[in-house]
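Colleague: What the sequence shown shows, in my numbering, is residues 19 to 97, in sequence order.
The beta carbon of each residue, even a glycine, is placed where N, CA and C say it ideally should be.
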Amino acid sequence: MTEYHSGTRVHKSNFLARNRIIAALSDCTVVVESAAKGGALVTAQIASSYSREVMAFPGRAGDEYSVGCKCLLNEILPL
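1) Check the C-beta distance from Thr47 over to Ala62 and give it rounded, since I have them as a contact under 8 Å.
2) Kindly indicate the opening and closing residues of the beta strand (DSSP E) around Thr47.
3) In the DSSP output, what is Met19 paired with across the bridge?
4) Grab me the residues of Leu91's own chain with a C-beta within less than 7 Å of its C-beta, minus the 5 sequence neighbours each way, in chain order.
5) By how many angstroms is the C-alpha of Asp45 removed from the C-alpha of Ala20?
This is how it looks when you write it as structure tokens:
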């Protein structure tokens, strides 16, 4: 799903625009991996703003791509 015409060059800002559409069409967003400031967190935030359910896997301890998921889980289930 995208707003861009076929053949449009890939650019990182296009992914967030696409994910906005995916978040709107989905019942829930599941984040499996995300760095502390990863695009998956932005997508989760967008999904939440659309009143969609957001879920996350905790990931491996010490893995830089688990930090974002742990942040989401701490928001949902604060320690």
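Modeller: Reading from the atomic positions:
1) Taking the first residue of the sequence shown as position 1, residue 47 is located at position 29. Taking the first residue of the sequence shown as position 1, residue 62 is located at position 44. With a Cβ gap of about 5 Å, Thr47 and Ala62 count as contacting.
2) The residue given as residue 47 occupies position 29 in the sequence shown. Residues 46-49.
3) Reading the sequence shown from its first residue, position 1 is the one you call residue 19. According to DSSP, Met19 bridges with nothing at all.
4) On the sequence shown, residue 91 is found 73 positions in, with the first residue counted as 1. For Leu91, where only same-chain residues beyond five positions count, the Cβ hits under 7 Å are Ala74, Pro76.
5) Position 2 of the sequence shown, counting from 1, holds the residue named residue 20. Position 27 of the sequence shown, counting from 1, holds the residue named residue 45. According to the sequence provided, residue 20 is Thr. The question's Ala does not apply to it. Going from the Cα of Thr20 to the Cα of Asp45 covers about 18 Å.
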